[in-house]
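**Student:** Once you know that position 162 of the sequence shown is 1435 in this note's numbering, the rest is easy, because the numbers rise by one and skip nothing.
Positions of the beta carbon are idealized from the N, C-alpha and C atoms, including for glycine.
Take a look at the following structure, please.
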Amino acid sequence: MSQISSSRSGDQHSSALLRALLLFDRGLGLIERTIVAGSILAMAFLMSAHVVGNIVLGQGIAGTYEITEMLIVVITFVGVGYAARHARHISMSAFYEQLGGQRRKALLVLICLGTALLMFYFSYKSIEYVITLHDRGRTSASLQMPLWIVYLALPIGFALAGIQYVLTVIRNLTSPGIWRSLTEQEDYNDAPLPGSDAEGASTPDDR
């Protein structure tokens, strides 16, 4: 009975942790979607208004191209975290896809840990870059907008991506199966290599 109670307690703790992580991830996702979607809509509206102004009034909106470049920076780096959340990032998986079961899962955890550390390091270096821009008083050419505000997107984006990889590690350590992100489970089996006796393919028992 004590073993059963301990097992149930462990399952409840894991379930509570997972619910908390999913809630946290949902909040981060809302922030990312708001920033990315808002930037895209703002860029589309601004460029459209600029074109209409040129055609109708013979004069566009000053600083349009400058603002567009800034918004592209924001979309690019905040989008890093969004891509990591949905496992849409580029991956070199030639060796990974030859493995199956626990070995495949262990390699994925190792990759995510390494990538998370790299993302946090990039975030740290980006903070140093933003501080340098702030200290030097760099501004944009047309609008005289402080550039450090725009480049805050770099440390924020890298930090969001690092958090996603950490969440992926936690999901794989606490849940059965192989998870490419907190909410995206790996749902395909690769064909085994010739002569490998199907060792490279994962099975439900392994996962």
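Return yes when the Cβ of Ser1454 is within less than 7 Å of the Cβ of Gly1358, no when it is not.
**Tutor:** Before going further, note that residue 1358 is Arg rather than Gly in the sequence given. Result yes, Cβ atoms of Arg1358 and Ser1454 sit closer than 7 Å.
**Student:** Apart from the five residues on each side of it in sequence, which residues of its chain come closer than 7 Å, Cβ to Cβ, to Ile1348?
**Tutor:** Excluding positions up to five away in sequence, the list reads Val1309, Ser1312, Ile1313.
**Student:** DSSP state of Gln1485, grouped into three classes?
**Tutor:** Coverage of the chain is limited to positions 1274 through 1480, which leaves residue 1485 absent and any answer about it impossible.
**Student:** So, helix, strand or coil for Pro1428, using DSSP?
**Tutor:** helix
**Student:** Run through the DSSP bridge pairs and tell me what Trp1452 is partnered with.
**Tutor:** Paired residue(s): Gln1458.
**Student:** Could you tell me whether the Cβ atoms of Phe1395 and Phe1431 are closer together than 7 Å?
**Tutor:** yes
**Student:** Suppose you measure from the CA of His1323 to the CA of Leu1446; what does that come to, to the nearest Å?
**Tutor:** 51 Å
**Student:** What does a CB cutoff of less than 6 Å around Ala1389 pick up in its chain, not counting 5 residues either side in sequence?
**Tutor:** Gly1435, Tyr1438, Val1439
**Student:** Could you give the C-beta distance for Ile1443 and Leu1294, rounded to a whole number, given that I count them as a contact under 8 Å?
**Tutor:** 6 Å
**Student:** Does the region 1394 to 1412 come close enough to the region 1323 to 1332 that 3 or more CB-CB pairs lie under 8 Å?
**Tutor:** Touching, no.
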